[in-house]
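Protein chains in written order, with this note's numbering: chain W, 8 to 888; chain V, 769 to 1165. Cβ atoms here follow ideal geometry from the backbone N, Cα and C, with glycine treated the same way. Keep in mind the model is a prediction, meaning the values are calculated, not measured. A short write-up of the structure that comes next.
In structure tokens form, the structure reads like this:
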């Protein structure tokens, strides 16, 4: 009886206070001198125990007592300044070496006064074009004295993230001999910010997602091999001999190495360097595993690798979150993980500069220690035995597999999420092993595994229930898998790129399309000292409900069926509601267990639908919502079909599917409607919103459209009867008119259109400018007439959706290179000429011209300037009485 | 034993400047003993700059002296920076050096007075992106902006800031001096965004020395490429950056001379140069000291080229129509008469003493020894017999 009570009590405590990462890994921060901004790019220890660190501002600091019990006892002194960045530092024989953007240098204190007097240039035999993004990262050195340096590609393109390599050896890892001679070692890198040698002397590199990089990879780099980004291939012998520049848009035929792991995007958006735990237990139970800096999400990840079919692959785990913008990690002899922070221009988690320390408290966490891959199963070793009474079955494990696209667009979504059947979970109570049997596992995919209900002998739940394994190969299958996880997809011209065609609701002018009383466009920093409110400063980082009692942040336009995407960060205790259809609320509440991140709030009598999985990372962390919403259907004023959430995902993890919405959520005093705004409402706390976009769906059905009366004014084959002014060239191919040449306007044969609707499929290139004219007078120069502006990224602030000069819209609603439906209605009303403009079926502009400036005229298409390209198809008109 | 010494002096001089001789030379009056800023101003400045500092002085100048009424000094707005201008003068202008006539204290006082003549709220605080040179010389690496508007950025740049208020801009790819500035040191503009923006010299451009990739040294054809090449052609040498070193108020830039850009083998010769401002009664400029070391067992002949594009050196004060002169004294002058820089470049140069042009200055560096050169470049606002005599006496000795 007594024993039972104690057990219940212990159980009670552990339930109430589930162990946290901080219980096992304490974080503290050193105190740099007043005013010093340490944007850490490199760190190493001097033989006397001082820490040397280089910064992006070109300084090198020395830190005495970096491991002092009280972080305040660590003292900083400036050793050098005026360097051209320092994104890697290595101490060799007591001498500090720094990789600058422009050279590999040794920093010498000649007169022993604690300041660097001499900077020796060891090597500078690589190209710098002057482009801002030509970072050089480092700085491991092998046993033979060779240095390894990785060089970022340049970003020249008007599509800013499209990398190029116009000077040697952008996009390469270089090996630099002790005499400074450079050997181009391996290529295929984009932003290889992390580079290090393992204790066994093998070279590993992290890269960042972007063009040709679907997510952040970790590579094992070997000489002469190619890792995926094609730009650097320009400096290989084959390309040099053929004088061909690698295509920015077509995949190369050069064989590509698979990464050791793909970091899930929700965990890692900008990886830094990595270290191996060589402390033999001083840093906890993960001996010899790799710890990776992650600056955007502010944490350290853990990677455990194994060799399968002769190559490394492995598993990624969360390790310690909420540290700061960790760019560099370095392990001290006592096991302490020193963390150097920076995030300027790269995005990150506060603090954004300085030095932190992660120390093992000695409290053994209950965690997955290792995962070994078998053809039909994962064999896990946990850090503690499983409780004897903990009965586990297939219902305690979710296994999902997916793959990526290998293509030129920025990053790739996780493709083809497939939930696999778990047929057995074998755990021996009282032991730490766990076998998860998943017969359907496939190589050439990543696997996301989420455990639940696992308890240790001392009653603790798993500290991290999710891990992510990259399965390039299965070990026992005889035939090696030849399908990479990042798969070549058809050329982009034949597909609709992921974000194209979406209405970007906050791009450029973030609030023009919104009701936003009490909201502000600003920079919002999560402040761990005051987690219940953001630190607000001027900027364009996020939309925040800065005013107490701020109203809903709601679109001015109505949507029917649509997909919707937004990114959000909550303050502590914040309660965000996404209001769909004007009446249905989805809750995103900051709680420790994350149960209410993605909860659909039920109608008055109905129950809430809570998400099946927990993906919430906590306050101050950015999350992405993706929802597909189907509006209710009405006939004759009577609802005939309920609204539905077809899919709700957070951070790309599907949480709910097919949730029927029987009526407005509790407490919402609004009618159900087929067309309604999308809104955010804060029940409490603050949110920072960004990246908001919507994709209207079922435009033929919702609202129902009358297709009668439309007639083409362009027959798809010729421009007979059309008039092109000035010096343009207008060509036709496959029913598409394409503009070219110098300024020109292409006028419809008829010039007496008065009241009508006109519509077309339109696509415009980056930097181009065009417009759909109506009631236009034929002639040279800029035409007289109304113009529905077509402009995605030309410097003119009036963007697509504007009625030029009369109703300007500064939000860059529609991206370049995306096809969209443009529709204009123009008719005389009692008060004036009424003009409405729809983009993708959404009414954007509704304007009444009391002046009745233009009475009738041609439909015309504009070629604004030389180099501009606009395309138009399916140009149709419906005349109104 | 002292190494053999080769002294090379270069002065770039303009002649057809109207007579402003008086103001161009050290003021004749003895320094005033008191520290009254106003009387210092009246004594040393008002003749050109006017009693109220409006630029309307009694001395008749080809181009009016500047007014202090609007503030906004070319070389920076702090008293310390203006005091430096007083100390060193402005190369190529009639603004003389008051290095000897006034004490540090007097110059500072005068500088404050000059500032007080202008608007009262000039910003003097430096933002933290600004690098400041105090009593130690400072070196900074970064991407330099184009020297002139139509030029190109210098991705691998190095700025040397000396306590005398000069900034010397090098391109480290070939260790070439490309420009000289005077005033405040430099600003890092890349502490916003992702970085990679320019390291901007804040001083005023005093001389643009050209960015064409011309070698500074070559093995002269008359001698052959010793120790390994046969005679018969000149071989330009590539300067491979070795180090920068700060020592007190000097920066030493060291480089190896090799035959090919990416040659990481032993150097043919090693050079260490330091640079600083120079003032003479004729005008202000800069002084480069070269120390050339030969580690080989046989002598190496090296020819010093002067990679100065004179057409570009004209800045504002030196027009292309004016005759410019070059002075070579001491050392050895080769017998050959042709130059690799080509006659076009040297057409307007006039040798004041024996010799032809800098392009033919050859040093014979003995085995396992060093030679030292000094290259003095002065931009003088005027040139006449009197100045020439002063030059002979003071500089050529």
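| Item | Value |
| --- | --- |
| Please find out if some non-hydrogen atom of the ligand NAP comes closer than 6 Å to the beta-carbon of residue 566/W. | This structure lacks the ligand NAP; in fact it carries no ligand of any kind. |
| Does residue 1057/V come within less than 7 Å of chain W when only Cβ atoms are used? | no |
| Anyone know if the C-beta pair for residue 48/W and residue 90/W falls short of 7 Å? | no |
| Do residue 897/V and residue 959/V have their beta-carbon atoms positioned less than 7 Å apart in this structure? | yes |
| So is residue 1013/V in contact with chain W if we call contact Cβ pairs under 7 Å? | yes |
| Where in the segment 204 to 254 of chain W do unbroken runs of the beta strand (DSSP E), each at least 3 residues long, occur, reported from the N-terminal end onward? | 210 to 213 and 223 to 228 |
| Rounded to whole angstroms, what's the CA-CA distance from residue 1006/V to residue 1038/V? Just pull it up for me. | 11 Å |
| For residue 4/W, decide whether its Cβ has a neighbour in chain V, counting only Cβ atoms nearer than 7 Å. | In the structure as shown, chain W begins at 8 and stops at 888. Residue 4/W is therefore absent and cannot be evaluated. |
| Does residue 1134/V get closer than 7 Å to chain W when you measure Cβ to Cβ? | no |
| At the level of alpha carbons, what is the spacing between residue 608/W and residue 921/V? | 59 Å |
| Check the Cβ of residue 906/V against every Cβ in chain W and list those closer than 7 Å, keeping chain order. | 89 |
| With a cut-off of 8 Å, do at least 3 Cβ pairs link the segment 1057 to 1065 of chain V to the segment 1022 to 1041 of chain V? | yes |
| Under 9 Å between beta-carbons, which chain W residues line up against residue 965/V? List them in chain order, please. | 139 |
| Checking 7 Å against the spacing of the C-beta atoms, do residue 338/W and residue 306/W come in under that value? | no |
| Check the DSSP bridge columns for residue 68/W and list the partner residues they point to. | 60/W and 85/W |
| Buried or exposed, going by whether 16 or more other CB atoms sit within 10 Å of the CB of residue 883/V? | buried |
| Could you pull out every residue in the same chain whose Cβ sits closer than 6 Å to the Cβ of residue 387/W, ignoring the five residues on either side in sequence? | 375, 378 and 441 |
| Please classify residue 630/W as buried or exposed, where buried requires at least 16 other C-beta atoms within 10 Å of its C-beta. | buried |
| Which same chain residues, not among the five before or five after residue 304/W, have their C-beta less than 7 Å away from its C-beta? | 274, 275, 276, 356 and 628 |
| Measure from the alpha carbon of residue 210/W to the alpha carbon of each residue in 887/W, 552/W, 217/W and 199/W, then state which is nearest. | 199/W |
| For residue 769/W versus residue 829/W, is the C-beta spacing smaller than 7 Å? | yes |
| Against chain V, does residue 866/W count as a neighbour if the rule is that its beta carbon must be under 7 Å from one of theirs? | no |
| Taking C-beta pairs closer than 8 Å, name the residues in chain V that residue 127/W reaches, listed in chain order. | 1010 and 1011 |
| Count the other C-beta atoms from every protein chain shown that fall within 10 angstroms of the C-beta of residue 1079/V, then say buried if there are 16 or more, exposed otherwise. | With a pLDDT of only 34 at residue 1079/V, under 50, the local geometry of the prediction cannot be trusted, and the value read off the model is given with reservation. The residue is exposed, with fewer than 16 neighbouring Cβ atoms inside 10 Å. |
| Can you list, in chain order, the stretches of the beta strand (DSSP E) that have 3 or more residues and sit fully within the segment 345 to 388 of chain W? | 360 to 367 and 375 to 380 |
| Quick one: is residue 152/W near chain V, going by C-beta distance under 7 Å? | no |
| For a contact defined as C-beta to C-beta under 7 Å, what are the partners of residue 92/W on chain V? | 963 |
| Return the residue from the list 696/W, 61/W and 599/W that minimises the CA-CA distance to residue 902/W. | Residue 902/W falls outside the range modelled here, since chain W spans only 8 to 888, and no answer is possible. |
| By the criterion of Cβ-Cβ separation under 7 Å, what are the contact partners of residue 911/V in chain W? | 137 |
| Are the C-beta of residue 656/W and some C-beta of chain V separated by less than 7 Å? | no |
| Hey, residue 63/W and residue 41/W: beta-carbon distance below 7 Å or not? | no |
| Taking C-beta pairs closer than 8 Å, name the residues in chain W that residue 921/V reaches, listed in chain order. | 137 |
| What did DSSP end up calling residue 604/W once you bin it into helix, strand or coil? | strand |
| Indicate the three-state DSSP secondary structure (helix, strand or coil) for residue 808/V in the structure shown. | helix |
| Report the option in 878/W, 780/W, 802/W and 887/W whose CA atom is closest to the CA atom of residue 864/W. | 780/W |
| By a C-beta neighbour count over all protein chains shown, 10 Å radius and 16 as the cutoff for buried, is residue 725/W buried or exposed? | exposed |
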